[in-house]
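Participant: Residue 224 in numbering that gives the first Met the number 0 sits at position 225 of the sequence shown, and the numbers go up by one each step. Ideal Cβ positions, reconstructed from N, Cα and C, are used throughout, including at glycine. Quick one: the structure is below, and I'll ask about it shortly.
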Amino acid sequence: MGRLAGKVALITGAGNGQGSVEAYLFAREGAKVIATDIAYENVKEVVNKINREFGEVAIAMMHDVSSEEDWKKVAEKGVDKFGPITVLVNNAGVLSMDTYEEVSHKNWSKVMDINAWGQFVGMRTVVPYMKKAGVGSIVNISSLASLVSVRQFNAYTASKGAIESLTKTAATELGGYNIRVNSVHPGSVKTNMFTAVYADEAAMEKRKNNYPLKRIGTPEDIAYGVLYLASDESSYVTGIAHVIDGGIMAQ
Ligand SMILES: NC(=O)c1ccc[n+]([C@@H]2O[C@H](COP(=O)([O-])OP(=O)(O)OC[C@H]3O[C@@H](n4cnc5c(N)ncnc54)[C@H](O)[C@@H]3O)[C@@H](O)[C@H]2O)c1
0 MGRLAGKVAL
10 ITGAGNGQGS
20 VEAYLFAREG
30 AKVIATDIAY
40 ENVKEVVNKI
50 NREFGEVAIA
60 MMHDVSSEED
70 WKKVAEKGVD
80 KFGPITVLVN
90 NAGVLSMDTY
100 EEVSHKNWSK
110 VMDINAWGQF
120 VGMRTVVPYM
130 KKAGVGSIVN
140 ISSLASLVSV
150 RQFNAYTASK
160 GAIESLTKTA
170 ATELGGYNIR
180 VNSVHPGSVK
190 TNMFTAVYAD
200 EAAMEKRKNN
210 YPLKRIGTPE
220 DIAYGVLYLA
230 SDESSYVTGI
240 AHVIDGGIMA
250 Q
């Protein structure tokens, strides 16, 4: 308990899956949480549960991460409520499955706007608050898809690769302000995003057996890695690509 005491954390895509577990875990560890999602009803429910258990430590906000205007509103309201943001988890994302032949410019732009631009503009929005606070940790959720090929995920892999590169650049530019920037690269994680692709049990079973640990990751498996990077326990860690993948990259 208390691993994030005194931190103010903004977590995007917190209405479902990994983001919702991170919001809960961060609140349990003492952070004030600004939980945002384009699916407002979902994130409101997550925040209600947090506040019932831990007191008024979280707020829910409607937020489209591809909109710079939304970012400004969310950050201003969050700072008004809890003070300068010192942790950002850029978690919101969308998946798109298209072969080379199928990728349209429209879909490419949509995926890049949400997954890559959304994270970049998020960093740019919160960094002034972190500079003011004299400390900051940014965790950008990328994917194994930035490190290995994933067939039919063309626009998605490009967006996740952009996140990995942007993370390194930001870590270099912001280190002098005591702001750390790291990316997290999950393997398969059992959330809506995963079950949309591996819907039937047979496909899931096959996928599971590809992993040395013989199971699909849970949102908690990823959230604990994100918690470490958000906390001062990782105070000398910046610019890394932290893989959490049940060992699949090792084989
Ligand atoms: N599930 C996996 O296997 C897996 C693997 C590697 C990386 N990831 C990444 O992990 C992150 C979290 O995904 P998840 O697995 O929890 O999936 P999820 O679908 O459960 O959650 C994604 C969340 O992002 C929100 N969202 C979508 N578009 C948005 C927008 N424009 N603005 C704000 N919020 C938006 C959704 O409403 C949803 O709550 C994503 O960045 C995803 O790419 C997932």
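#1: So what's N181 in DSSP terms, helix, strand or just coil?
#2: Looking at ligand 1, does it come within less than 7 Å of N90, judged from the CB to the closest heavy atom?
#3: To the nearest angstrom, how far is the alpha carbon of K80 from that of V32?
#4: Short check: CB of A249 to CB of L94, under 8 Å?
#5: Cβ of V138 within 8 Å of Cβ of V183?
#6: By how many angstroms is the C-alpha of S142 removed from the C-alpha of I243?
#7: What separation, rounded to the nearest whole angstrom, lies between the Cα atoms of A202 and D220?
#8: Does ligand 1 have even one heavy atom less than 7 Å from the beta-carbon of H241?
#9: The alpha helix (DSSP H) that contains N15, what's its start and end?
#10: In whole angstroms, give me the CA-to-CA distance for G16 and E100.
#11: When burial is assigned at 16 or more other CB atoms within 10 Å of the CB, is A8 buried or exposed?
#12: For Y235, count neighbouring C-beta atoms within 10 Å of its own C-beta (all shown protein chains included) and say buried if the count is 16 or more, exposed if not.
Facilitator: Reading it off the structure:
#1: Correct three-state label for N181: strand.
#2: Remark: the C-beta of N90 is in contact range of ligand 1, defined as less than 7 Å to any heavy atom.
#3: Taking C-alpha positions only, K80 is separated from V32 by approximately 10 Å.
#4: Judged by their CB atoms, A249 and L94 are not nearer to each other than the 8 Å cut-off.
#5: Yes, Cβ-Cβ distance for V138 and V183 is below 8 Å.
#6: Spanning the two alpha carbons is a distance of roughly 9 Å.
#7: One C-alpha to the other measures close to 21 Å.
#8: No, the Cβ of H241 stays beyond 7 Å of every heavy atom of ligand 1.
#9: For N15, no alpha helix (DSSP H) run applies, since DSSP gives it neither H nor E.
#10: G16 and E100: Cα-Cα distance of roughly 30 Å.
#11: Buried: at least 16 other Cβ atoms inside 10 Å.
#12: By the neighbour-count rule (16 or more Cβ atoms within 10 Å), Y235 is not buried but exposed.
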